[in-house]
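Visitor:
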Amino acid sequence: MNQIERAREIATLYLRHGWQLRRALMRAETRALLCATTGEKTSAETPHDAFEGVTLTESLVDALWFSRSSQTGREAWELRLVSDAPYALHEIFEPDEAEEDREDVRREMEARLHDYAGQS
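FYI, my numbering numbers position 75 of the sequence shown as 75, with every residue one higher than the one before it.
1) Between residue 89 and the rest of its own chain, which residues show a CB-CB distance below 8 Å, the 5 nearest in sequence each way excluded?
2) I believe residue 54 touches residue 7 by the beta-carbon criterion, under 8 Å. Please report the beta-carbon distance rounded to the nearest angstrom.
3) Beta-carbon within less than 7 Å of residue 95's beta-carbon, same chain only, minus the 5 sequence neighbours each way: which residues are those?
4) Who are the Cβ neighbours of residue 92 in its own chain at under 6 Å, not counting the five residues just before and after it?
5) What is the DSSP secondary structure of residue 99, reduced to helix, strand or coil?
6) Counting C-beta neighbours from all protein chains within 10 Å, is the total for residue 36 16 or more, i.e. buried, or is it exposed?
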């Protein structure tokens, strides 16, 4: 199974449990594989089935960002590494938390995921 197939499988599982795929972090070779399998150009705006409407960002690792509503108006975000072994980081944001603060936390989570992936 290649990285695109793994990512689609992970996305399908999360969608089944009420999560929404929001962003995809992809290594250059994974993005090229995605474009080769769909016959599309390598554009961040190009829709690709499960990745339609999802922001694609070049990264050192392949990972997917999911979100869903949580209790009392809070919002849960999960960053899932695209790999055979499941690994994810999870954060819950308060409804009044500023988007800038949320984005800072998401960047920290990405850094932690990069560190983890670099060690495995």
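Note that CB positions come from ideal geometry on N, CA and C, so glycine has one too. Predicted model only: the values in this text are computed from it and were never measured.
Guide: Reading from the atomic positions:
1) Cβ neighbours of residue 89 beyond the five flanking positions: 78, 79, 109, 112, 113.
2) Your pair residue 54 and residue 7 does not check out as a contact, with CB atoms roughly 10 Å apart and the cut at 8 Å.
3) 73, 74
4) 70, 74, 76
5) helix
6) exposed
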